[in-house]
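Colleague: Just so you know, my numbering puts the end of the sequence shown at 606, numbered straight through with nothing missing.
Glycine included, every Cβ here is placed at the ideal spot set by N, Cα and C.
Before I ask anything, here is the structure I am working with.
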Amino acid sequence: MSGFRIFDLKARDYDRWYDRHRITYLNELKLVRSFGCARALEIGVGTGRFAADTGVVVGVDPSLSMLRMAPSRVQ
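Structure, rendered in structure tokens:
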């Protein structure tokens, strides 16, 4: 099994990090938005948290579990 399996096993915990560390997330989000890109590709999109909040239109991730969570965020 690949080393990416840990992300499949921890998908929900990974996503909760953003809620537990809200200030850090908001600061990172502010930085990403400061680039002013209208469209972007996110490598390692995970659960789609940044994609949903920044307008990323394409994302890839090796974790199928995380990718399954992403559509509920970006629709």
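1) Which partner residues does Leu-572 have in the DSSP bridge list?
2) Does DSSP put Lys-561 in a helix, a strand or coil?
3) List the whole-angstrom C-beta distance separating Glu-573 from Phe-566, where the pair is believed to meet the contact cut-off of C-beta under 8 Å.
4) Hey, quick one: how far does the alpha helix (DSSP H) through Phe-566 stretch, first residue to last?
5) Pick helix, strand or coil for Asp-539, following the three-state DSSP scheme.
Modeller: Reading from the atomic positions:
1) Val-589
2) helix
3) Wrong, their Cβ atoms sit about 12 Å apart, outside the cutoff.
4) Note, Phe-566: premise wrong, no alpha helix (DSSP H); not H, not E.
5) helix
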